[in-house]
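Beneath this line is the structure, given in structure tokens, with notes to follow.
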Amino acid sequence: MKKVLSIVAVAALSVAFVACGPSKEEIEKREKEKQDSIAAVEKSKQDSIAAAEAEAAVAAEAAAAAEKAKADSIHMADSLAHAKGGKKK
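Each residue of the sequence shown is one higher than the last, beginning at 924 in this note's numbering.
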């Protein structure tokens, strides 16, 4: 009799555990939220990469402009020195 009661008690607890678990809709909702969260993180990552690339492009453009200005300045100084009869260094 003790064994029968033990088996019935275990069966009742098992049924209660399964019945109190999340429903199929809740499981699907959690999975959708998880996928949405992953997508948001991925989008944020891609946005961050794009912003870094844009910043690098702007920096490269600024460096190129500075280098061109430097070269133009040197060329102008050489032209002026040559026009005045000075020597090139």
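The beta-carbon is built from N, C-alpha and C at its ideal position, and this holds for glycine as well.
Helix, strand or coil for Met999 per DSSP?
helix
Just how far apart, CA to CA, sit Pro945 and Met924?
34 Å
Own chain partners of Ala992 with C-beta closer than 8 Å, once the 5 adjacent residues on each side are dropped:
none
In whole angstroms, give me the CA-to-CA distance for Ala974 and Val981.
11 Å
When the Cα atoms are used, what is the spatial distance from Glu954 to Ala963?
14 Å
Backbone CA spacing between Lys966 and Lys947 [nearest angstrom]
28 Å
Leaving out five residues on either side along the sequence, give the residues of the same chain with a beta carbon under 6 Å from the beta carbon of Ala1000.
none
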